[in-house]
Amino acid sequence: MGLRTARKLTVLMVTEFQPYGATWGELKKKSGMTRPSYKRAFNRAKEMKWFVGGGGQGKPYFLNPDGRWREALEPAGSSVSSVKSNLHPETRDSKPGLSPVRASDLHSNIDSVVALASEAIRYADQKK
Numbered sequence: 007m008g009l010r011t012a013r014k015l016t017v018l019m020v021t022e023f024q025p026y027g028a029t030w031g032e033l034k035k036k037s038g039m040t041r042p043s044y045k046r047a048f049n050r051a052k053e054m055k056w057f058v059g060g061g062g063q064g065k066p067y068f069l070n071p072d073g074r075w076r077e078a079l080e081p082a083g084s085s086v087s088s089v090k091s092n093l094h095p096e097t098r099d100s101k102p103g104l105s106p107v108r109a110s111d112l113h114s115n116i117d118s119v120v121a122l123a124s125e126a127i128r129y130a131d132q133k134k
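Numbering (this note's numbering), first residue to last: 7 to 134.
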């Protein structure tokens with residue numbers, strides 16, 4: 007239960023909150039979901055290990071650096087290219103063209119975002 011909405015939250019995290027992550031409340035507000043629906047979806051995303059971090063009030067969650075969250079970007083009946091077109095400008099390439107978007111292209115761009123997020127997490131952990 008909540009897999010479809012967990013996928014929506016993961017796409018939202020990719021498009022709106024990377025590389026800096028989002029707190030539980032920020033993601034909830036941006037999702038527009040009711041609290042019960044959001045809790046089910048959020049818990050499912052954590053159960054699937056798509057989100058990591060958090061653990062305290064005001065602490066952000068991030069996409070899992072191991073890339074497990076990528077499966078959320080490719081649900082049945084959905085297009086990976088639609089996710090890419092909604093990415094924050096820093097996470098998508100700026101090269102114009104009519105060539106089709108390949109999943110591997112999306113993953114290589116997202117890998118750089120995840121690497122940046124991981125670096126930010128390590129830096130924050132060093133400051134503790």
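The C-beta atom is built at its ideal place from N, Cα and C for all residues, glycine as well.
Residue i to residue j span [Cα, whole Å]
i	j	result
residue 24	residue 49	19 Å
residue 71	residue 42	27 Å
residue 40	residue 11	11 Å
residue 15	residue 132	29 Å
residue 37	residue 127	24 Å
residue 53	residue 19	16 Å
residue 17	residue 32	14 Å
Other residues of its chain near residue i: CB distance less than 7 Å, five sequence neighbours each side excluded
i	result
residue 199	Coverage of the chain is limited to positions 7 through 134, which leaves residue 199 absent and any answer about it impossible.
residue 105	Because residue 105 sits at a pLDDT of 40, beneath the cut-off of 50, its placement in the model cannot be relied upon, and the following sentence gives the value as read from the coordinates. The answer is none, since no qualifying residue turns up.
residue 55	70, 74
residue 44	34, 37
Given residue i as reference, the closest of the options once Cα atoms are compared
i	options	result
residue 29	132, 75, 62, 73	62
Residues of its chain near residue i, where Cβ-Cβ distance is below 6 Å and the 5 sequence neighbours each way are ignored
i	result
residue 8	46, 47, 50
residue 57	51, 67
Own chain, CB closer than 8 Å to residue i, minus 5 neighbours either side, in chain order
i	result
residue 64	29
According to DSSP, residues forming a beta bridge with residue i
i	result
residue 57	69
residue 28	67
CB contact check: residue i to chain B, cutoff 9 Å
i	result
residue 37	Within the model displayed, chain B is absent; a lone protein chain is all it includes.
Residue i: CB within 8 Å of a non-hydrogen atom of the ligand ZN
i	result
residue 14	Here there are no bound small molecules, and the ligand ZN is not part of this structure.
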